[in-house]
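Student: Here you go, one structure.
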Amino acid sequence: MADVSEDSPRKLLAAYNKLKQRFAELTNENQNLCQENYDLKRNLQAATQTNDFLSSEVESVASEWRDKLASEHSLINKLTDELHVAKISAKEATEQLEQDVERMRNKIQQLEQDLKDAEERALIANAGPGNVSHSDSLQIKGFEMEEEIALLKVQLERTEMCLQQANLDIARLSNENAEHSERYSSLWGNYERKKEELEELKNLLEMTQEQAAVLTAEIASMRSNPEDDLNKKGNSLFAEVDDQRKKLMNIIKTIKERYNDLKMEHRNCPTKIRQLKNMNDSLARDLKPYVNMFHQAESNFKEALLEQINDMRSQLEKAKERNKFLEQQLRTNSAEWVNSLTDYYKAQTDNLEARLKVFQFKHRVAQEDHWLAKKELCKWRTEALHLKQLQCIQQLEKFDHNDESDCPVLTNGPDPNAIDRSTEAESVVIATAIIKTDNTDPLSRVMKTELFSDESGSEDGHLEVKFAKVLKVEPIFNDSQENVPPIEANSTVPDKKIFNPVCIDKTTNLSASLLQPTKDVNGTEVAKQEIPVCDSKSHLSIKTSSFTVKRIKIGSKMQGNPTEGVN
Numbered sequence: 130m131a132d133v134s135e136d137s138p139r140k141l142l143a144a145y146n147k148l149k150q151r152f153a154e155l156t157n158e159n160q161n162l163c164q165e166n167y168d169l170k171r172n173l174q175a176a177t178q179t180n181d182f183l184s185s186e187v188e189s190v191a192s193e194w195r196d197k198l199a200s201e202h203s204l205i206n207k208l209t210d211e212l213h214v215a216k217i218s219a220k221e222a223t224e225q226l227e228q229d230v231e232r233m234r235n236k237i238q239q240l241e242q243d244l245k246d247a248e249e250r251a252l253i254a255n256a257g258p259g260n261v262s263h264s265d266s267l268q269i270k271g272f273e274m275e276e277e278i279a280l281l282k283v284q285l286e287r288t289e290m291c292l293q294q295a296n297l298d299i300a301r302l303s304n305e306n307a308e309h310s311e312r313y314s315s316l317w318g319n320y321e322r323k324k325e326e327l328e329e330l331k332n333l334l335e336m337t338q339e340q341a342a343v344l345t346a347e348i349a350s351m352r353s354n355p356e357d358d359l360n361k362k363g364n365s366l367f368a369e370v371d372d373q374r375k376k377l378m379n380i381i382k383t384i385k386e387r388y389n390d391l392k393m394e395h396r397n398c399p400t401k402i403r404q405l406k407n408m409n410d411s412l413a414r415d416l417k418p419y420v421n422m423f424h425q426a427e428s429n430f431k432e433a434l435l436e437q438i439n440d441m442r443s444q445l446e447k448a449k450e451r452n453k454f455l456e457q458q459l460r461t462n463s464a465e466w467v468n469s470l471t472d473y474y475k476a477q478t479d480n481l482e483a484r485l486k487v488f489q490f491k492h493r494v495a496q497e498d499h500w501l502a503k504k505e506l507c508k509w510r511t512e513a514l515h516l517k518q519l520q521c522i523q524q525l526e527k528f529d530h531n532d533e534s535d536c537p538v539l540t541n542g543p544d545p546n547a548i549d550r551s552t553e554a555e556s557v558v559i560a561t562a563i564i565k566t567d568n569t570d571p572l573s574r575v576m577k578t579e580l581f582s583d584e585s586g587s588e589d590g591h592l593e594v595k596f597a598k599v600l601k602v603e604p605i606f607n608d609s610q611e612n613v614p615p616i617e618a619n620s621t622v623p624d625k626k627i628f629n630p631v632c633i634d635k636t637t638n639l640s641a642s643l644l645q646p647t648k649d650v651n652g653t654e655v656a657k658q659e660i661p662v663c664d665s666k667s668h669l670s671i672k673t674s675s676f677t678v679k680r681i682k683i684g685s686k687m688q689g690n691p692t693e694g695v696n
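All residue numbers for the sequence shown refer to this note's numbering, where the first residue is 130 and numbers rise by one.
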């Protein structure tokens, strides 16, 4: 009895603990099942809403396109009826006009035959001496018939004009018929395309309904077998942390690779700067033959015009001499000769006027084509040079950015014994150009049109163009830092540059088409080089007679080594 009394509380406590643990497990399982039930209901509701939305969308699109197709069919039927009525009316009018023309021609032939008969009878009557009055009546009747013939000819001309107008109307209606046919074909193509789109939407609706059915079946299977899905669940926190760690490692790896690339690119900066400067010089040299070509073409055009003017003058002198001769002949000869001469010269004048108009029209077209070709050529060449200049500026900005990022002070850390460093910036003009053309030069009109929207500006056509202002950076170090490598100053550091847009200033006291050469920083003369002038905002489609540029050497100076710099 003692053992039973001692073991019973222990067994009861163990059984109680087991039941409590089992109750906790069942409670957790119940909560998980409730959460799954809620998720399944939410997914089912979302799928149902998506299905309803797609069904309504398909129905609305289908009804809209049905209405559009019905309206297009009604419009096509209306246009077809109108075209048919217009064809019938035009055909009837044409047949009526052709009948009128045929009737008029028959009447004219009959009247001409009557006139011939009357003339023959008049000749027979004139043969006898007693038929004077009869011949007079026949002559009067012949005059009346001639007048009637003239009226009929006028009426015939009017009828022919009406016939021509009817033919024009028929041609116009034929063109309209062709246009309506094309429109009908395009509308029919739209109808077929929209029909295909409707079929695609129907297929999409069917696929959505099938997907909704599959989701419903999956939800039902999950409700029937919830334990299979519970065993697949696990804690995904560690997997998510591992994914984030891998992403950060990849980012750090790419940053290191980019840093190494930028460092290597910074080492190649001086070589690239020299290449860009050589490219700029070669572009300036390449532009010179094109300028000479334009001047040669303009001189040839002027010579051709002078030759034409001389020919016209010689022809004018010959015409004056001929006029004097004709005046002399008019005083001596009869009126019949004058009439024949007038008719001849009238025909010749009409022919020459027609030829002159054709020649003038062709000449104007050729001038316009020539001018547009010159303008387009100048535009694209200056545009290409402008793009190359922008590319150079972007590369210089990139070099300066790499220069700052790869500075030894930033990579090795601050020197505790170093004194604060500062830079002195000086504004330097790197490029200035002056353009001037004569007022008589046809290219000045294009310059004013491109540079000033209202064609305003100085009357002498003189323009000054300043490209940009940059900073000349001079690092200042103390005596304890003599071994610090020089920092190559670039003119395009984003946070240290002053880059103004191209300024176009009018001046009044400079020689045509020239800039005086300037000196660089070291005091040496810079050779004249012809370059194009372009704006960073407005595209200048111009071509000048000649122009030069002042180039200033940009470099960095350092205490103890003043000769080092970037050329």
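All C-beta atoms, glycine included, are put in the ideal place defined by N, C-alpha and C. Values in this document were obtained by computation on a predicted structure and should not be read as measured data.
#1: What did DSSP end up calling Asn397 once you bin it into helix, strand or coil?
#2: If distances are taken between C-alpha atoms only, which option among Arg234, Thr511 and Asp390 comes closest to Phe528?
#3: What does the Cβ neighbour count give for Asp549, buried or exposed, with the cut at 16 atoms within 10 Å?
#4: Note down the Cα distance separating Leu481 from Pro418, rounded to an integer number of angstroms.
#5: For Lys207, collect the residues of the same chain with a Cβ closer than 6 Å to its Cβ; drop the 5 residues on either side in sequence, then sort them by chain order.
#6: Label Ile384 either buried or exposed according to how many other C-beta atoms from any shown protein chain fall within 10 Å of its C-beta, with 16 as the threshold for buried.
#7: Do Thr288 and Asp196 have their C-beta atoms within less than 8 Å of each other?
#8: Determine whether the beta carbon atoms of Asn531 and Glu394 lie at a separation below 8 Å.
#9: How big is the Cα-Cα spacing for Glu450 and Ala483?
#10: Restricting to Cα atoms, I'd like to know which of Ala176, Ile522 and Ala144 is closest to Ile348.
#11: Taking Cβ to Cβ, would you say Leu173 is nearer than 8 Å to Thr337?
#12: Would Leu204 and Tyr320 be called neighbours here (beta carbons separated by less than 8 Å)?
#13: Looking at Val187 and Lys331, is the spacing between their C-beta atoms short of 8 Å?
#14: Taking Glu209 as the reference, give the member of Asn397, Ala307, Arg322 and Gln518 with the closest Cα.
#15: Looking only at C-alpha atoms, which of Leu327, Asn409, Leu525 and Leu416 sits nearest to Leu506?
#16: For the candidate residues Leu516, Trp500 and Leu333, whose alpha-carbon lies nearest to that of Phe182?
#17: Does DSSP classify Asn296 as helix, strand or coil?
#18: By alpha-carbon positions, which one of Asn462, Ile278 and Asn468 ends up nearest to Gln242?
#19: Go ahead and label Gln373 buried or exposed: buried means 16 or more other beta carbons lie within 10 angstroms of its beta carbon, across all protein chains shown.
#20: Does the beta-carbon of Phe511 have 16 or more other beta-carbons within 10 angstroms, so that it is buried, or is it exposed?
#21: Can you give me the C-alpha to C-alpha distance between Arg396 and Gln524, rounded to a whole angstrom?
#22: Is the number of C-beta pairs between the stretch 311-320 and the stretch 213-229 that are closer than 8 Å three or more?
Tutor: So, to answer that:
#1: coil
#2: Asp390
#3: Bear in mind that a pLDDT of 42 at Asp549, under 50, signals an unreliable position, so the number given afterwards is only what the model happens to contain. Asp549 is exposed by the Cβ-count criterion.
#4: 42 Å
#5: none
#6: exposed
#7: no
#8: yes
#9: 24 Å
#10: Ala176
#11: no
#12: no
#13: yes
#14: Note that residue 209 is Thr in the sequence shown here, rather than Glu. Considering only alpha carbons, the answer is Ala307.
#15: Leu416
#16: Leu333
#17: helix
#18: Ile278
#19: exposed
#20: It should be pointed out that residue 511 corresponds to Thr in this sequence rather than to Phe. Looking at its Cβ environment, which holds 16 or more other Cβ atoms inside 10 Å, Thr511 is buried.
#21: 14 Å
#22: no
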